[in-house]
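**Q**
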Amino acid sequence: MRFAQPETLWWLLALPVFAWVLYYGAKRRHLFLQHLGDMTVLARTASRLPALQKPWVLGSLAGLPLVCAVFALSDPRYPTGRSYMPDGSLDVVMVLDVSKSMAAEDYGPKSRLDMARDIARHMLTELGGNRVGLVTYAGISFRQADLTTDFEALDFILKQWLSIDAVRVGGSDLKKAVETGLDVFDQEVEREKLMLIFSDGGTEHDSFAPALSKAAQHGVKIVALGLGHEHPSRIPLYDADKKFQGYLRADSGEGQVLTSRLNERALSQVASGDRGTYIRIERGQEWRRILRRQDVAGSMFIQDERKIYQPFLLVGLLAFAAQMVVKRI
1 MRFAQPETLW WLLALPVFAW VLYYGAKRRH LFLQHLGDMT VLARTASRLP
51 ALQKPWVLGS LAGLPLVCAV FALSDPRYPT GRSYMPDGSL DVVMVLDVSK
101 SMAAEDYGPK SRLDMARDIA RHMLTELGGN RVGLVTYAGI SFRQADLTTD
151 FEALDFILKQ WLSIDAVRVG GSDLKKAVET GLDVFDQEVE REKLMLIFSD
201 GGTEHDSFAP ALSKAAQHGV KIVALGLGHE HPSRIPLYDA DKKFQGYLRA
251 DSGEGQVLTS RLNERALSQV ASGDRGTYIR IERGQEWRRI LRRQDVAGSM
301 FIQDERKIYQ PFLLVGLLAF AAQMVVKRI
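Quick note on the UniProt record's numbering: the sequence shown kicks off at 1 and runs consecutively.
1) Taking S99 as the reference, give the member of V296, G201, G316 with the closest Cα.
2) V132: which of A104, R168, M94, D87 sits nearest, CA to CA?
3) Under 8 Å: do the stretch 285-302 and the stretch 241-261 share three or more Cβ pairs, one atom per stretch?
4) With DSSP as the reference, identify every bridge partner of T148, one or two as the case may be.
5) Excluding sequence positions up to five away, which residues of its chain have a Cβ less than 8 Å from the Cβ of D87?
6) Rounded to whole angstroms, what is the Cα-Cα separation between R112 and D304?
7) Quick one: is V17 buried, meaning 16 or more other Cβ sit within 10 Å of its Cβ, or exposed?
8) Using alpha carbons as the reference points, say which of S260, K214, C68 lies closest to residue 331.
9) Quick check: K193 and V220, are their CB atoms within less than 9 Å of each other?
10) Compute the beta-carbon to beta-carbon distance between I164 and A145, rounded to the nearest angstrom, for a pair I have assumed lies under 8 Å.
11) Under 7 Å Cβ to Cβ from E230, same chain only, skipping five residues before and after it: list those, please.
12) Buried or exposed for A266, please, with buried defined as at least 16 other CB atoms from any protein chain shown within 10 angstroms of its CB.
13) Going straight from the alpha carbon of D118 to that of E286, what length do you get?
14) Please report the straight-line C-alpha distance between F301 and H122, rounded to a whole angstrom.
15) Residues in the same chain with beta-carbon distance under 8 Å from V21, minus the five sequence neighbours each way, listed in chain order, please.
16) Grouping DSSP H, G and I as helix and E and B as strand, with all else coil, what is R234?
17) Nearest-angstrom Cα distance between R82 and R292?
18) Give the secondary structure of R289 by DSSP, where H, G and I count as helix, E and B as strand, and everything else as coil.
19) Which same chain residues, not among the five before or five after L12, have their C-beta less than 8 Å away from its C-beta?
20) Under DSSP, the alpha helix (DSSP H) around M123 begins and ends at which residues?
21) So, using beta-carbon positions, are A321 and L64 closer together than 9 Å?
22) Can you look up M324 in the DSSP assignment and give me helix, strand or coil?
23) Taking Cβ positions, are L212 and D274 nearer each other than 9 Å?
24) Could you check what DSSP says for M195 in three-state terms: helix, strand or coil?
25) May I ask you to report which of helix, strand or coil DSSP gives K242?
26) Would you list the one or two residues that DSSP bridges to I302?
27) Could you check where the alpha helix (DSSP H) with V265 kicks off and where it finishes?
28) Distance check for G316 and F3, CA to CA, integer angstroms please.
29) If you drop the 5 nearest sequence neighbours on each side, which residues of the same chain put their C-beta closer than 7 Å to that of A62?
30) Name the one or two DSSP bridge partners that L90 has.
31) Please confirm whether V167 and G139 have their CB atoms less than 9 Å apart.
The following block contains the structure:
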């Protein structure tokens, strides 16, 4: 438990003063009654429950409401075990590779692109209230969506439009994709900026130094998510009805079967800038907590808390009511 307004607890230091006032008042009352008449006569009109009229009982019932009020005003909170991303604190650009190699089925029945889609859609559920943009790329890159909080539209794009060769130019130009992703960010808005790259790395690339320099200049953190395996995987082909047609071959389908493997070197290079991170996506459910990793955006998540001032108010009200009843018994 923690107190959101801990400075209010300083009022507890006034309790000794309050206790002295009660003691002084009780003593003055006793002296006043002595002046009124014979104490043996007055005792006949005393409470039928004298134990409740003891000074320490009356003092406790008088002080407890004040103590409870101080604790309630200090806004006590208890952690729920959940966390959330604050609204309006983060801009995210997701850069997704849609080249042919992303069709390799390295995740059981799922392809690399299917896994990227699942991760991206899950992340949308954790980024509510923040802005997200989408970029797809193969031989060229394309801005699918500028920064927006319309997650229904983003989810529709990821679910319905994201497919192999959604960009009609073959290849895998990761360098250009990073540059396009950087252009999506609003540089005039003071927010944390995060670029998430979903790719198998493709082929070797030229130096990423200019793009990384621009990212550092604008405070953009780049996280590369590597999809695939180190060993070669064949690339299946399907028709419009999802029927298997064979594997991708060289020389317009007449040559040998082409394979693709995860290029961690390229992805590590693109994530080598300021605060950058490379993460290899394995099978299992660990990917569901990628955003919460400290080297991604974990430090921005806030622990969800439940306010628990109500019990203090209830105890205080009960003590106040008991005090009123005791005085009349």
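All C-beta atoms, glycine included, are put in the ideal place defined by N, C-alpha and C.
**A** Taking the coordinates as given:
1) Numbered from its first residue, the sequence shown carries residue 99 at position 99. Taking the Cα of S99 as reference, the smallest distance to any Cα among V296, G201, G316 is reached at G201.
2) If you number the sequence shown from 1, residue 132 lands on position 132. Ranked by Cα distance from V132, the options A104, R168, M94, D87 are led by M94.
3) Taking 8 Å as the limit for Cβ pairs, the verdict is that the stretch 241-261 does not touch the stretch 285-302.
4) Mapped onto the sequence shown, residue 148 falls at position 148. Beta-bridge pairing links T148 to V132.
5) Here residue 87 refers to the residue found at position 87 when the sequence shown is read from its first residue. Listed in chain order, the non-local C-beta contacts of D87 below 8 Å within the same chain comprise G128, G129, N130, local neighbours out to five positions each way being set aside.
6) As a first step, residue 112 must be located in the sequence shown, where it is residue number 112. As a first step, residue 304 must be located in the sequence shown, where it is residue number 304. Distance between R112 and D304, taken at the CA atoms: about 33 Å.
7) Here residue 17 is taken as the residue at index 17 of the sequence shown, counted from 1. Classification of V17: exposed, given that the 10 Å Cβ count is below 16.
8) Because the chain is modelled from 1 through 329, residue 331 falls outside the range shown and cannot be assessed.
9) By one-based count along the sequence shown, residue 193 stands at place 193. By one-based count along the sequence shown, residue 220 stands at place 220. Going by C-beta atoms, K193 is nearer than 9 Å to V220.
10) In the sequence shown, the residue the question calls residue 164 occupies position 164. In the sequence shown, the residue the question calls residue 145 occupies position 145. Between I164 and A145, the beta carbon gap of about 19 Å keeps them out of contact (Cβ cut-off 8 Å).
11) Position 230 of the sequence shown, counting from 1, holds the residue named residue 230. Only R261, L262 meet the Cβ criterion.
12) One-based indexing of the sequence shown puts residue 266 at position 266. By the neighbour-count rule (16 or more Cβ atoms within 10 Å), A266 is buried.
13) In the sequence shown, residue 118 corresponds to position 118, counting from 1. In the sequence shown, residue 286 corresponds to position 286, counting from 1. Looking at the two C-alpha atoms, the distance is approximately 13 Å.
14) Looking up residue 301 in the sequence shown gives position 301. Looking up residue 122 in the sequence shown gives position 122. F301 and H122 have their C-alpha atoms spaced approximately 16 Å apart.
15) Stepping through the sequence shown from its first residue, residue 21 is reached at position 21. Residues of the same chain with their beta carbon placed closer than 8 Å to that of V21 are lacking, with the five preceding and five following residues left out of the count.
16) Position 234 of the sequence shown, counted from the start, is the residue given in the question as residue 234. The answer is strand: DSSP assigns R234 an E or B state.
17) Reading the sequence shown from its first residue, position 82 is the one you call residue 82. Reading the sequence shown from its first residue, position 292 is the one you call residue 292. About 11 Å.
18) Taking the sequence shown and counting its residues from 1, one reaches residue 289 at position 289. Looking at R289 - three-state DSSP - the assignment turns out to be helix.
19) Position 12 of the sequence shown holds residue 12. These residues qualify, in order along the chain: V67, V70.
20) Mapped onto the sequence shown, residue 123 falls at position 123. First-last of the alpha helix (DSSP H) with M123: 112-126.
21) Within the sequence shown, numbered from 1, the residue matching residue 321 stands at position 321. Within the sequence shown, numbered from 1, the residue matching residue 64 stands at position 64. No, Cβ-Cβ distance for A321 and L64 is not below 9 Å.
22) Here residue 324 refers to the residue found at position 324 of the sequence shown. In the displayed model, M324 falls within a helix according to three-state DSSP.
23) Taking the first residue of the sequence shown as position 1, residue 212 is located at position 212. Taking the first residue of the sequence shown as position 1, residue 274 is located at position 274. Between L212 and D274, the C-beta spacing is below 9 Å.
24) Your numbering for residue 195 matches position 195 in the sequence shown. DSSP, reduced to helix, strand and coil, places M195 within a strand of the structure shown.
25) Reading the sequence shown from its first residue, position 242 is the one you call residue 242. Note: K242 maps to coil in three-state DSSP.
26) Within the sequence shown, residue 302 is the residue found at index 302, counting from 1. I302 has Y84 as its beta-bridge partners, per DSSP.
27) In the sequence shown, residue 265 corresponds to position 265, counting from 1. Note that residue 265 is Arg in the sequence shown, not Val. Note, R265: alpha helix (DSSP H), 264-270.
28) Residue mapping note: residue 3 aligns to position 3 of the sequence shown, counting from 1. Residue mapping note: residue 316 aligns to position 316 of the sequence shown, counting from 1. The straight-line gap from Cα to Cα measures roughly 18 Å.
29) Residue numbering aside, residue 62 sits at position 62 when the sequence shown is read from its first letter. Taken in chain order, the residues that qualify are L22, Q323.
30) Start at 1 with the first residue of the sequence shown, and residue 90 comes out as number 90. For L90, DSSP records a beta bridge to E192.
31) Looking up residue 167 in the sequence shown gives position 167. Looking up residue 139 in the sequence shown gives position 139. The Cβ-Cβ distance between V167 and G139 falls below 9 Å.
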